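First up is the structure itself, then whatever we jot down about it.
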Amino acid sequence: MKVLVTGAAGFIGAAVASRLLERGDEVTGIDNLNDYYDVALKQARLDPLGRHAGFRFVRLDIADRQAMATLFSTRRFEAVMHLAAQAGVRYSIEHPYPYVDSNLSGFAHVLEGCRRSDVRHLVFASSSSVYGASARQPYSVHDNVDHPVSLYAATKKANELMAHSYAHLYGLRCTGLRFFTVYGPWGRPDMSYFKFTEGILAGRPIPVFNRGEMMRDFTYIDDIVEGVVRIIDRAPEPDPRWSGETPDPATSSAPYRLYNIGNHRPVNLLRYIEVLEQCIGKKAILELLPMQPGDVPATYADIDDLAAAIGFRPATPIETGLARFVAWYKDFYKVA
Numbered sequence: 105m106k107v108l109v110t111g112a113a114g115f116i117g118a119a120v121a122s123r124l125l126e127r128g129d130e131v132t133g134i135d136n137l138n139d140y141y142d143v144a145l146k147q148a149r150l151d152p153l154g155r156h157a158g159f160r161f162v163r164l165d166i167a168d169r170q171a172m173a174t175l176f177s178t179r180r181f182e183a184v185m186h187l188a189a190q191a192g193v194r195y196s197i198e199h200p201y202p203y204v205d206s207n208l209s210g211f212a213h214v215l216e217g218c219r220r221s222d223v224r225h226l227v228f229a230s231s232s233s234v235y236g237a238s239a240r241q242p243y244s245v246h247d248n249v250d251h252p253v254s255l256y257a258a259t260k261k262a263n264e265l266m267a268h269s270y271a272h273l274y275g276l277r278c279t280g281l282r283f284f285t286v287y288g289p290w291g292r293p294d295m296s297y298f299k300f301t302e303g304i305l306a307g308r309p310i311p312v313f314n315r316g317e318m319m320r321d322f323t324y325i326d327d328i329v330e331g332v333v334r335i336i337d338r339a340p341e342p343d344p345r346w347s348g349e350t351p352d353p354a355t356s357s358a359p360y361r362l363y364n365i366g367n368h369r370p371v372n373l374l375r376y377i378e379v380l381e382q383c384i385g386k387k388a389i390l391e392l393l394p395m396q397p398g399d400v401p402a403t404y405a406d407i408d409d410l411a412a413a414i415g416f417r418p419a420t421p422i423e424t425g426l427a428r429f430v431a432w433y434k435d436f437y438k439v440a
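Start counting the sequence shown at 105; every next residue gets the next number (my numbering).
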């Protein structure tokens with residue numbers, strides 16, 4: 105296929121693009137290479153992709169309406185994997201406008217490009233953060249998620265609603281994927297495990313929010329990529345069982361689906377740090393802090409719908425995933 109991957113210099117975007125290229129797809133990757141975190145890391149993710157004959161990179165901001173319209177009109181894509189977004193829950197509390205520009209306006213430009221150029225399937229990244237204040241666990245795509253606790257989460261929920269409207273109005277086949285705490289080699293420096301590793305190696309205290317009383321459904325990057333690539337090949341059809349009298353948020357009378365992608369094995373944050381210490385070979389100095397605004401105490405993915413749809417369940421244990429991350433980190437940053 106000819107596939108557009110937005111956010112191709114990002115953690116998940118680069119990994120997805122690599123897998124698509126390996127299986128023979130033609131991939132156009134776009135990214136604005138902003139300085140939210142180290143641009144050199146983003147470029148390093150892109151470098152191996154550039155060695156594939158089937159890869160083209162365009163430096164482009166999805167918030168640029170005209171540039172996005174030109175991209176879709178000049179390059180015909182069969183599928184779009186939309187991963188570009190302003191990330192970060194805490195950052196959104198102090199810096200709201202990048203989320204409006206990228207996650208809302210930018211996503212509208214992606215939707216318009218897809219419907220005007222007859223893209224066969226749009227797969228887009230949502231987030232476990234959409235579950236917000238919900239205390240029902242495991243989180244199910246069939247549950248209501250109308251109580252986000254951060255602007256970031258609200259923009260991801262908005263993306264799901266925007267995509268559904270395009271599926272309904274124009275027949276654009278859309279699949280939203282709610283990712284659960286993705287980690288692994290080439291990860292984002294603003295994520296906790298990355299910061300923990302930096303702090304432990306430097307002998308600095310690491311901030312542990314809610315005093316470590318947190319549970320997270322940590323999901324290894326290779327499992328995320330496997331799920332994403334299988335989903336790209338499975339464009340949704342309207343669900344004939346869907347009823348407006350008992351509306352199911354996960355399906356629709358339009359060609360639209362939502363899935364969780366998580367490990368389905370929540371891990372206590374202190375246990376996660378303990379495994380990281382073992383992989384690094386050094387004890388952490390913990391700075392126990394209260395819960396941060398916009399955070400939730402636990403995430404836990406119900407992945408039954410995903411497994412039924414694509415025959416795959418993420419299963420990489422943190423002992424394996426963190427060992428691979430630490431090995432990559434030491435190699436990339438030349439840590440003795």
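Don't be surprised by glycine CBs; every beta carbon is placed ideally from N, CA and C.
From a predicted model like this one, the values you see are computed outputs, not experimental measurements.
Spatially closest choice to F322 from L276, L426, A339, A388, by CA coordinates: Position 218 of the sequence shown holds residue 322. F322 has its Cα closest to that of L426, out of L276, L426, A339, A388.
Span separating the alpha-carbon of T403 from that of Q147: Within the sequence shown, residue 403 is the residue found at index 299, counting from 1. Within the sequence shown, residue 147 is the residue found at index 43, counting from 1. Distance between the alpha carbons of T403 and Q147 is about 31 Å.
Distance, A212 Cα to Y363 Cα: Counted from its first residue, the sequence shown places residue 363 at position 259. Counted from its first residue, the sequence shown places residue 212 at position 108. Computed Cα separation, rounded: 21 Å.
Closer than 7 Å: P309 CB and nearest the ligand NAP heavy atom: This structure simply doesn't include the ligand NAP, nor any ligand for that matter.
Option in D408, D435, Y376, L410 with minimal Cα separation from E423: As a working mapping, residue 423 is identified with position 319 in the sequence shown. For the set D408, D435, Y376, L410, the Cα lying nearest the Cα of E423 is the one of Y376.
Contiguous alpha helix (DSSP H) assignments of at least 4 residues, all confined to the region 193-230: Counting only runs of 4 or more, we get 193-198, 211-220.
F115, DSSP secondary structure in three states: As a working mapping, residue 115 is identified with position 11 in the sequence shown. Annotated three-state conformation of F115 is helix, per DSSP.
Limits of the unbroken alpha helix (DSSP H) element including G425: The sequence position of residue 425 within the sequence shown is 321, counting from 1. Going by DSSP, G425 is part of the alpha helix (DSSP H) stretching over 422-436.
Spatial distance of A358 from A388 (CA atoms): On the sequence shown, position 254 is the one that residue 358 refers to. On the sequence shown, position 284 is the one that residue 388 refers to. Pairing A358 with A388, the inter-Cα distance amounts to about 50 Å.
DSSP three-state assignment for I134, whether helix, strand or coil: If you number the sequence shown from 1, residue 134 lands on position 30. I134 carries a strand assignment under DSSP once its states are collapsed to helix, strand and coil.
C-beta atoms of S254 and S233 nearer than 8 Å: If you number the sequence shown from 1, residue 254 lands on position 150. If you number the sequence shown from 1, residue 233 lands on position 129. Yes.
Alpha helix (DSSP H) segments (min. 4 residues) lying fully within the region 132-191: Assignment of alpha helix (DSSP H) within the region 132-191, counting only whole runs of 4 or more residues, yields 143-153, 169-178 in chain order.
DSSP state of I310 mapped onto helix, strand, coil: Position 206 of the sequence shown, counting from 1, holds the residue named residue 310. Looking at I310 - three-state DSSP - the assignment turns out to be strand.
C-alpha distance - R320 paired with G415, whole-angstrom precision: Your numbering for residue 320 matches position 216 in the sequence shown. Your numbering for residue 415 matches position 311 in the sequence shown. C-alpha of R320 to C-alpha of G415: approximately 24 Å in a straight line.
Limits of the unbroken beta strand (DSSP E) element including N364: Translated into the one-based positions of the sequence shown, residue 364 becomes position 260. Here the beta strand (DSSP E) through N364 covers 360-365.
A173 versus V214, A188, M185, residue with shortest Cα-Cα distance: For this step, residue 173 is matched to residue 69 along the sequence shown. Between A173 and the set V214, A188, M185, the nearest pair of CA atoms involves V214.
Where H246 falls, given that 16 or more other Cβ within 10 Å makes a residue buried: Position 142 of the sequence shown holds residue 246. Counting the other CB atoms within 10 Å of its CB gives H246 a total below 16, which places it among the exposed residues.
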